[in-house]
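Worksheet: one structure, shown below.
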Amino acid sequence: MNWLDSTVHRALVEAVLVGVLGGVVGVFVIARRLPFFTMALTHATFPGIVVAAMLGVNLYLGGGLFGLLVVAAVLAFGRGRGQDFTTATGIALSGGFALGVVLVSAQDGFTRDLAAYTVGDVLAVGTGDLVATAAVAVGVLLLLALLGKELLLAAFDPVGAAALGLPTVLLDFALLAVVEVTVVATVPALGTILAVALIVGPAATARLLTDRLAPLFPLAAAIGVACALAGVWVSTQWDVATGASIALFVGLVFGAAFLGTAVRGRVRRAAAVRA
-2 MNWLDSTVHR ALVEAVLVGV LGGVVGVFVI ARRLPFFTMA LTHATFPGIV VAAMLGVNLY
58 LGGGLFGLLV VAAVLAFGRG RGQDFTTATG IALSGGFALG VVLVSAQDGF TRDLAAYTVG
118 DVLAVGTGDL VATAAVAVGV LLLLALLGKE LLLAAFDPVG AAALGLPTVL LDFALLAVVE
178 VTVVATVPAL GTILAVALIV GPAATARLLT DRLAPLFPLA AAIGVACALA GVWVSTQWDV
238 ATGASIALFV GLVFGAAFLG TAVRGRVRRA AAVRA
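The sequence shown lines up with residues -2 to 272 when you count with this note's numbering.
Next comes the structure, spelled out in structure tokens:
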């Protein structure tokens, strides 16, 4: 019997993959202040899912392709006169989701179950899902390794990046596309509603624990993997929703880190006053 024939084993591998992917990409999301954009993507790709369901093709492929169109639209709208990135993201969120609802309502007898895409189920992933997630993880990590410095420079100092002659528009598209692909890759495990938790939460927690950039990436990845594995374990032990369990652990770890840093700050201030 193949080790991956076990449902739990496949879930554990998927948890490790999405934990690492979400943690590393999340550092860029936090640095560029893209949590709202990440959340918007989980909703704005809905039309792609509906069209894929109608055509009988892979739902995640449909969501991914439509997500790239959303990324291009956000960049185009955000650079328009009198517009900003947040406004463009809000337009893409509402417009994309509305288009999906219209498509669903226009189909008589449209009963395709989209619950798996909405809430996810890591215990239901197959070998094909693992291969797809691994391919996305390798591709994304390689791209970030090659363009990481440029992407961070564009995030922290866009004016300086432009002055150095860097193609800021292409860098913006590359980063947003990486976020979009990561969202789609995380959906089988957590669904569109909870995927943002594993992308934003571990990186935000790591940011509370260190001010240095280099440790952020392995720390965020480790937190993402730990929360994902803990969620799978709780789900298998108590028969509760896996995606929600993972997201809950992400929230608990962030809350613990936040309280810990707050207490540490108070202790330091008290010690400084006594001194």
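Note that beta-carbon positions come from the ideal geometry of N, C-alpha and C, so glycine has one too.
Comparing C-alpha positions only, which one of the options sits nearest to residue i?
{"i": "V5", "options": "A244, L249 and G228", "result": "G228"}
{"i": "V47", "options": "V13, G61 and L100", "result": "L100"}
{"i": "R204", "options": "A254, E177 and T165", "result": "A254"}
{"i": "V180", "options": "V21, V10 and G262", "result": "V21"}
{"i": "A171", "options": "R263, L213 and G64", "result": "G64"}
{"i": "A121", "options": "V10, F74 and L256", "result": "V10"}
{"i": "G23", "options": "V175, Q234 and K146", "result": "V175"}
{"i": "T124", "options": "V247, V260 and A8", "result": "A8"}
{"i": "V178", "options": "A49, A50, F153 and G60", "result": "G60"}
{"i": "F82", "options": "F94, R30 and A49", "result": "R30"}
{"i": "F94", "options": "T115, L163 and L256", "result": "T115"}
If you draw a straight line from the alpha carbon of residue i to that of residue j, how long is it in whole angstroms?
{"i": "V67", "j": "L38", "result": "8 Å"}
{"i": "T258", "j": "P215", "result": "20 Å"}
{"i": "A223", "j": "L206", "result": "16 Å"}
{"i": "V193", "j": "P32", "result": "8 Å"}
{"i": "G157", "j": "L18", "result": "28 Å"}
{"i": "A217", "j": "T35", "result": "17 Å"}
{"i": "I243", "j": "A225", "result": "5 Å"}
{"i": "G92", "j": "L191", "result": "21 Å"}
{"i": "T42", "j": "A267", "result": "49 Å"}
{"i": "I27", "j": "V197", "result": "7 Å"}
{"i": "L141", "j": "V270", "result": "44 Å"}
{"i": "S3", "j": "A219", "result": "24 Å"}
{"i": "L173", "j": "G45", "result": "17 Å"}
{"i": "G145", "j": "L139", "result": "9 Å"}
{"i": "L150", "j": "T130", "result": "28 Å"}
{"i": "P212", "j": "F25", "result": "13 Å"}
{"i": "L62", "j": "V264", "result": "50 Å"}
{"i": "T293", "j": "G117", "result": "Residue 293 lies beyond the stretch modelled for the chain, which goes from -2 to 272, so this question has no answer here."}
{"i": "A200", "j": "L143", "result": "20 Å"}
{"i": "I88", "j": "T165", "result": "22 Å"}
{"i": "D154", "j": "L148", "result": "10 Å"}
{"i": "L281", "j": "S102", "result": "Because the chain here runs from -2 to 272, residue 281 falls outside it and cannot be looked at."}
{"i": "A50", "j": "A70", "result": "23 Å"}
{"i": "G262", "j": "R209", "result": "18 Å"}
{"i": "T86", "j": "V119", "result": "28 Å"}
{"i": "L161", "j": "G221", "result": "34 Å"}
{"i": "G252", "j": "D126", "result": "31 Å"}
{"i": "F74", "j": "L52", "result": "29 Å"}
{"i": "A159", "j": "L256", "result": "39 Å"}
{"i": "L163", "j": "T84", "result": "25 Å"}
{"i": "W235", "j": "V98", "result": "35 Å"}
{"i": "A152", "j": "V260", "result": "30 Å"}
Hey, residue i and residue j are a contact pair by Cβ (cut 8 Å); roughly how many whole angstroms apart?
{"i": "D169", "j": "L245", "result": "33 Å between Cβ atoms; not a contact."}
{"i": "T202", "j": "V250", "result": "6 Å"}
{"i": "H40", "j": "L96", "result": "The Cβ separation is near 11 Å, so there is no contact."}
{"i": "L195", "j": "V247", "result": "6 Å"}
Check whether the Cβ of residue i lies closer than 7 Å to any heavy atom of the ligand MN, and answer yes or no.
{"i": "V71", "result": "This structure simply doesn't include the ligand MN, nor any ligand for that matter."}
### Message
Using a Cβ distance threshold of 8 Å, determine whether the segment 181 to 189 contacts the segment 230 to 247, with at least three qualifying pairs required.
### Response
yes
### Task
Report yes or no: do three or more beta-carbon pairs, one from the segment 56 to 63 and one from the segment 176 to 185, lie closer than 8 Å?
yes
### Query
Are at least three pairs of beta-carbons, each pair with one atom in the segment 125 to 138 and one in the segment 10 to 18, less than 8 Å apart?
yes
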